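Working notes for the structure below.
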Amino acid sequence: MSVLPIVEIPDPRLRLVCAPVETIDAQVRQLVTDMTDTMYAAHGIGLAAIQVGVAQRVVVIDLQERADEGEEADEKAEPVRNPRAFINPEILSVSEETSRYSEGCLSIPEQYADVERPMRCRVTWLDVDGARHEEDMDGLLSTCMQHEIDHLNGVLFIDHITRLKRDMLLKKLAKARKSAA
Ligand code: GNR
Ligand code: NI
């Protein structure tokens, strides 16, 4: 179990286009394990490999949605962990309809902005055993997957907002870092 340090802006590695995984070997599986540990430790719902400094097309996601809707709901229940790994994920198609979600990013700590994206997407990827999958995604999973695939291409959620909003957000981040230092 390894929790890895998370790369934050303005680290230039976050702007790299990551390379596809050629062989799913023990090293890739260890990366997936470490990324999953890191995502949970940072209380994120997703993580791309470049956020731990590895320029490969690997993503982990766990929306940590409580699977307890119903009469047996226990307010104190731990969220059910259901980590998913996506190797070489690709968007096959997106819906015309869009949605807005207040996004955050572990590489841009504690800053949030509304981002408009296609509401649904169809995604293909390989799992850690090399099996290919295809799935229609919507809701938060669709948003998160698009956010993570952006990371694989060197794109951050702040690239999707107006310059005015981006400048304000970056100023707030600089201020927060200054007062933390
Ligand atoms: O933890 C995260 N929350 C989140 C909220 C809305 C849209 C996307 C995300 S992903 C983010 C973790 C992260 O930075 N992944 O790259
Ligand atoms: Ni992110």
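Numbering (the working numbering), first residue to last: 60 to 240. Using N, Cα and C, we set each Cβ at its ideal position, and we do this for glycine too. What you are looking at is a predicted structure, and each value in this text was computed from that prediction instead of being measured.
For residue i, verify whether its CB is less than 6 Å away from any heavy atom of the ligand NI.
{"i": "C180", "result": "no"}
Compute every distance between the C-beta of residue i and the non-hydrogen atoms of the ligand GNR, then say whether any falls below 6 Å.
{"i": "A172", "result": "no"}
{"i": "L90", "result": "no"}
{"i": "T202", "result": "yes"}
{"i": "A107", "result": "yes"}
{"i": "E67", "result": "no"}
{"i": "I208", "result": "no"}
Give me, in chain order, the residues of the same chain whose beta-carbon lies closer than 7 Å to that of residue i; leave out the 5 immediate sequence neighbours on both sides.
{"i": "D265", "result": "The shown model of the chain, from 60 to 240, leaves out residue 265, and the question about it has no answer."}
Only counting the same chain, and skipping five residues up and downstream in sequence, which positions put a Cβ closer than 6 Å to that of residue i?
{"i": "M98", "result": "L106 and V119"}
{"i": "D197", "result": "R179"}
{"i": "G213", "result": "R74, L75 and V76"}
Between which two residues does the beta strand (DSSP E) harbouring residue i extend?
{"i": "E175", "result": "I167 to P177"}
{"i": "T82", "result": "Here T82 belongs to no beta strand (DSSP E), and DSSP marks it neither H nor E."}
{"i": "R181", "result": "C180 to L185"}
{"i": "L107", "result": "Here residue 107 turns out to be Ala, not Leu, going by the sequence shown. Taken as a continuous stretch (DSSP letters only), the beta strand (DSSP E) holding A107 covers G105 to A107."}
{"i": "I119", "result": "Note that residue 119 is Val in the sequence shown, not Ile. Per DSSP, V119 belongs to the beta strand (DSSP E) from V117 to I120."}
The alpha helix (DSSP H) spanning residue i covers which residue range?
{"i": "I208", "result": "G198 to L211"}
{"i": "T92", "result": "A85 to A100"}
{"i": "S161", "result": "That residue, S161, is in no alpha helix (DSSP H); its beta strand (DSSP E) goes T157 to C164."}
{"i": "R236", "result": "R222 to A239"}
In its own chain, which residues sit with a C-beta less than 8 Å from the C-beta of residue i, not counting the 5 before and 5 after it?
{"i": "I104", "result": "M98, I120, D121, L122, Q123, L199 and C203"}
Any heavy atom of the ligand NI within less than 6 Å of residue CB: hits in chain order
C164, L165, S166, H206 and H210
Report yes or no: do three or more beta-carbon pairs, one from the segment 64-74 and one from the segment 163-171, lie closer than 8 Å?
yes
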